[in-house]
Structures are given as structure tokens and as C-alpha cells.
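Notes for the one structure printed next.
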Amino acid sequence: MGGVLKDIRVLDFGRFIAGPYCACVLAEFGAEVIRVERITGGEDRFVGAHLAETGEGPMFLQHNRNKRSLALDPTTPEGREVMNRLVATADVVIANLPWDALPKLGLDYESLKLVKPDIILATMSTFGHTGPYAPRVGFDGVAQAMSGGIWLNGTGDGQPVKAAAQYTDFGTALASAVGILIALRHRDQTGEGQIVEGCLLKTALMFASAFLMDQGVLGEFRTANSNRSQTSAPSGVFRARDGWLIVQAATNPVYRRWARLVGDEQRWLNDPRYKDDISRGNNPDAINQRMEQWCGERGVAECVEALERARIPAAPVLSPQEVLEDAHITETGMLRRLHFPGIAKPAPAAGPQLWLSKTPGEIRTRPPMIGEHSAEILQALDYAPEEIARLEALGVIGTWREQPAEIAAATSG
């Protein structure tokens with residue numbers, strides 16, 4: 058197994074997005090990641106449309122490539138012994154579980170340190186481990202709601218709107234991956250492990266920080282504005298003859314180019330209400346009306362081409378099918394073809410998010426079946442074949458036996 062992180066072993070007890078995607082990022086750059094899940098499979102395997110015959114959904118397929126699977130019941134004495142033996146070989150444990158659930162599974166930092174003194178524990182939760190909300194459960198949308206993001210993204214009639222993409226999950230995953238790398242560097246320097254805590258609400262607050270600063274310092278009570286910017290204009294989603302596009306004319310140089318493009322240049326440049334971004338954001342109506350008129354006279358492609366010639370950021374609003382067919386996305390390999398047993402055809406999956414010129418990330422293997430690697434992982438922990446069979450018979454571990462002609466490898470075709 059290649060990659061710059063090839064000597065790092067990660068135990069992924071994560072579920073859904075934040076934990077699994079954090080581990081996925083490390084795996085793309087060579088870390089050995091073992092997904093530890095229930096005997097029947099983690100619940101996140103089956104979220105969303107069932108793309109595979111065995112029920113796996115897109116969330117699982119996207120975030121669990123390059124991993125091996127150990128199906129384990131750590132609540133039994135035998136299962137706890139397996140887990141502790143595995144922890145003794147690991148560098149990092151990832152667990153996006155409620156803080157109070159960690160001791161019950163032996164995944165709290167104090168328990169892990171007894172097994173591996175220099176272990177790094179990466180936890181992710183909605184509210185963090187301190188404060189009055191620490192015991193609460195939550196998903197991405199809860200953090201969006203409590204950051205002000207859903208309020209600000211609402212419609213003009215006051216209906217709050219949640220972002221479709223789980224940005225607090227993904228942001229927390231990426232921040233936690235950075236935290237793990239920092240902790241590994243600290244361990245190299247001192248020999249010490251530590252806790253890396255990611256928090257969905259902290260991530261959401263970071264995304265909303267500019268608006269919160271406005272509110273705290275200036276008392277700016279910003280109302281919901283849907284797709285339109287609060288701090289510049291024209292900046293938002295506009296309808297063309299045959300679809301929609303986004304236009305973002307932020308900064309004075311871009312705005313001046315916009316004024317030349319749409320005509321009546323002096324009107325837009327000499328009116329003091331439009332002297333800078335914040336002024337235009339506070340007085341957007343006439344500007345947006347002109348943008349709507351201009352777009353409505355043209356098709357999306359014509360609009361985007363003209364805006365690009367003027368060096369004004371713009372793009373078509375694509376449907377999911379249009380994303381799959383987009384020339385830039387397909388030619389650059391941003392989406393890869395992911396195989397999996399029992400899936401009708403290869404699934405389009407986002408490739409590694411970062412490109413490094415010397416140490417690029419890779420998709421080496423498809424996501425694992427439930428317990429696909431349980432036996433080989435236990436063998437490496439010096440369990441004899443008969444002991445592995447006994448643990449399976451007791452329901453302590455689960456294994457998957459490959460059927461003939463199953464698709465085995467993930468490809469980037």
C-alpha cells in the first residue's frame with residue numbers, strides 16, 4: 058500500500074459523514090484504515106438509495122473506499138480483547154460518536170491510553186464535549202440551524218432554507234484530518250498522543266462568522282435573502298431563457314466590467330448608492346433587475362460566455378445529470394468510476410479532493426463488504442484459525458465470503 062501516510066494505521070469507528078470522510082481523506086494518501094463496524098454493518102451503509110443488491114447507499118460508497126472492514130461486537134469480553142489488541146497496533150482512532158458513548162465502548166481517551174500510551178483519538182460531535190448541549194445528538198442540519206446559516210439562506214417570505222450539501226459534516230471532517238496530521242507531528246516530536254476534537258457547530262460558526270461579526274459589532278439585523286448576496290450586487294442566481302445561472306460580481310473592478318457589459322455604464326458607476334460592494338449589497342434592487350433583464354434576453358450558454366469574456370464569475374446551475382455530463386468535470390477526472398459487488402453499473406464518485414504534485418491521493422480499492430477483512434485482520438493479531446472460527450460462531454466477529462465473479466477492485470476509469 059503506497060502513499061505518504063503508508064505507515065499510519067487508523068481505526069475508523071465513525072459513522073455517516075464526518076468520521077468516515079476524515080478517515081477516507083487519510084486513506085487516499087496511504088494510511089491503512091480499518092473500518093470497525095457492527096456485525097450487521099454500520100447503519101450508515103444503508104442510508105439513501107440502495108445502489109447495491111446488499112443495500113449499500115451512496116453515502117457509504119463515497120466515504121469508505123480504500124478501507125478494510127472488521128465486523129466486531131466490542132461490547133463482549135472477547136470483542137473488547139480483539140479491539141484492544143487492534144488499538145495496540147494503531148496510531149489513530151476516529152470516533153464521531155456522542156462523548157458519553159465513548160467509555161461504554163472503551164473508546165474514551167483514558168481507556169485507549171492504557172492500551173497504547175501515544176494513541177491519537179479524533180472525536181467529532183455536534184456540540185463538542187463541554188457546555189449545556191454536549192449530551193445532545195445531532196446531524197449536519199442541527200449545526201446549520203444553530204449557526205444562523207439556515208436563517209440567512211431563507212426565502213423572502215421568511216421560510217428558512219437548509220443547504221442541501223452537508224457542509225458542516227465535510228468541513229469538520231477536513232479540519233479533523235488536519236488536526237490528526239498536526240497531532241502526528243506532535244507525537245513525532247514528543248512521543249505524546251492527544252485528543253483531536255472536531256465539532257459540527259464550530260464548523261458552522263466558522264462558515265457564518267462574517268455575518269456574526271456584522272451582527273455583534275454593528276448590530277446589523279440581516280434578513281433572509283435566499284440566493285442573493287447581502288454584501289454585493291449583482292450576486293445571485295438569475296433566470297435565463299432556457300435555465301438558470303449564478304453571477305457573482307463582487308469587488309469594484311468586477312462591478313465596473315459588469316457595468317460596461319450590461320450598458321448604461323455611467324448610471325451604474327456614478328450613483329453613490331453603488332460606490333462599493335457593501336453599498337451595492339444594501340441597495341441591490343435596480344442592479345438585480347438589470348441583471349435579470351439581461352439574462353432573460355439570452356440563453357444560459359450565451360450569458361456565461363459573455364460574462365466570462367468580461368471576466369465576471371458566472372456558471373450555469375447544473376442538474377445532477379448535467380454535472381455527470383459536464384465536459385470539464387469528465388475530462389479532468391473529478392469524478393471516478395467506483396465498482397462494488399451487486400451494483401448495476403459503476404457509480405460516479407468524487408475523486409480525491411486535493412491534488413499534490415509529488416504525493417497525489419489515490420482510489421486504490423473499492424469500499425469493503427461487511428466483515429470482508431475480519432479474518433485477515435485477526436490473523437495479523439496472532440489469532441489462530443480455529444479461534445477466529447470460534448469468535449465468529451459466538452457472534453463476536455462477522456466475516457464476508459466472496460462469491461465467484463464479484464467485482465473486486467475500484468477503478469478510476
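Here the working numbering is used: position 186 in the sequence shown is 243, and no number is missing along the way. Idealized CB from N, CA, C, for every residue including glycine.
Residues sharing a beta bridge with residue i, DSSP
i: Ala158; result: Paired residues: none, contrary to the question.
i: Val90; result: Val67 and Lys124
i: Ala404; result: Leu395
i: Gln305; result: Ser292
i: Glu254; result: Thr180
i: Leu435; result: Per DSSP, none; premise fails for Leu435.
i: Pro373; result: Leu302
i: Gly455; result: Ala128
i: Ala152; result: Thr180
i: Ala261; result: Partner(s): none; Ala261 has no beta bridge.
i: Ala297; result: Gly300
i: Ala316; result: Beta-bridge pairing links Ala316 to no other residue.
i: Ala109; result: Ile400
Same chain, Cβ closer than 8 Å to residue i, neighbours up to 5 away in sequence not counted
i: Phe103; result: Gly112, Glu113, Gly114 and Phe117
i: Gly273; result: none
i: Pro155; result: Ser182, Pro192 and Val194
i: Ala372; result: Leu302, Ile303 and Val361
Candidates the options, of which the one nearest residue i by Cα
i: Glu85; options: Gly408, Met426 and Pro425; result: Gly408
i: Arg285; options: Gly300, Gln305 and Ser266; result: Gln305
i: Leu68; options: Arg92, Gly99 and Ala297; result: Arg92
i: Leu62; options: Leu241, Tyr78, Pro134 and Val139; result: Leu241
i: Leu381; options: Leu392, Thr308, Gly418 and Val374; result: Leu392
i: Cys79; options: Ile96, Gly59 and Arg122; result: Arg122
i: Pro310; options: Gln251, Gln119 and Ala367; result: Ala367
i: Gly390; options: Ala267, Thr416, Ile400 and Leu411; result: Leu411
i: Ile303; options: Val374, Glu277, Asp130 and Leu209; result: Val374
i: Thr387; options: Thr308, Pro405 and Phe278; result: Pro405
i: Arg314; options: Phe278, Asp130, His430 and Glu365; result: Glu365
i: Arg279; options: Ala221, Gly320, Ala343 and Asn210; result: Asn210
i: Arg224; options: Pro217, Asp245 and Ala202; result: Arg is not the amino acid found at residue 224; the sequence shown has Tyr there. The shortest Cα separation from Tyr224 among Pro217, Asp245 and Ala202 belongs to Ala202.
i: Ile96; options: Thr132, Asp64, Lys161 and Arg337; result: Thr132
i: Ile445; options: Thr229, Leu127 and Cys360; result: Leu127
i: Trp208; options: Ser414, Ser283, Ala307 and Gly87; result: Ser283
i: Thr146; options: Glu89, Thr288 and Thr180; result: Glu89
i: Arg337; options: Arg423, Thr288 and Val357; result: Thr288
i: Glu110; options: Thr416, Lys415 and Ile400; result: Ile400
i: Ser431; options: Arg423, Ser414, Val453 and Leu413; result: Val453
i: Pro329; options: Pro341, Gly320 and Val319; result: Pro341
Buried versus exposed call for residue i [16 or more other C-beta atoms within 10 Å across all chains shown]
i: Asp175; result: exposed
i: Leu269; result: exposed
i: Lys402; result: exposed
i: Asn339; result: exposed
i: Arg317; result: exposed
i: Pro377; result: exposed
i: Arg458; result: exposed
i: Ile434; result: buried
i: Glu249; result: exposed
i: Ile239; result: exposed
i: Thr468; result: Residue placement at Thr468 is poorly supported in this model, since its pLDDT is 38, which falls under 50; the coordinates still yield a value, given next. Classification of Thr468: exposed, given that the 10 Å Cβ count is below 16.
i: Ile335; result: exposed
i: Glu362; result: exposed
i: Gly418; result: buried
i: Glu429; result: buried
i: Leu395; result: buried
i: Gly470; result: Note that Gly470 scores 39 on pLDDT, short of 50, meaning its location in the model is unreliable; the coordinates nonetheless yield the value given after this. So Gly470 counts as exposed.
i: Asn153; result: buried
i: Gly293; result: buried
i: Ala437; result: exposed
i: Thr266; result: A small correction: the amino acid at residue 266 is Ser; Thr does not occupy that position in the sequence shown. Looking at its Cβ environment, which holds fewer than 16 other Cβ atoms inside 10 Å, Ser266 is exposed.
i: Ala232; result: buried
Residues near residue i in its chain [Cβ-Cβ closer than 7 Å; skip 5 each side]
i: Glu463; result: Low local confidence applies: a pLDDT of 43 at Glu463 is under 50, so the model's placement there is unreliable, with the coordinate-based value given in what follows. The residues are Pro398.
i: Leu169; result: Val144, Val150, Ile176 and Leu178
i: Glu100; result: Arg72
i: Leu451; result: Glu135
i: Glu277; result: Asp271
i: Tyr440; result: none
Chain-order list of residues whose beta-carbon lies under 6 Å from that of residue i (same chain, five-residue window excluded)
i: His186; result: Trp156
i: Cys256; result: Gly185
i: Asp226; result: Ile74, Ala75 and Asp197
i: Asn141; result: Val172
i: Cys81; result: His120
i: Asp64; result: none
i: Thr416; result: Val61
i: Lys219; result: Gly198, Gln201 and Ile207
i: Asp148; result: Ile65 and Arg66
Test: residue i CB closer than 8 Å to a CB of chain D
i: Ser431; result: Absent from the structure is chain D; it holds one protein chain and no more.
Per the contact definition of three or more C-beta pairs closer than 8 Å, is the region 286 to 299 in contact with the region 352 to 359? yes
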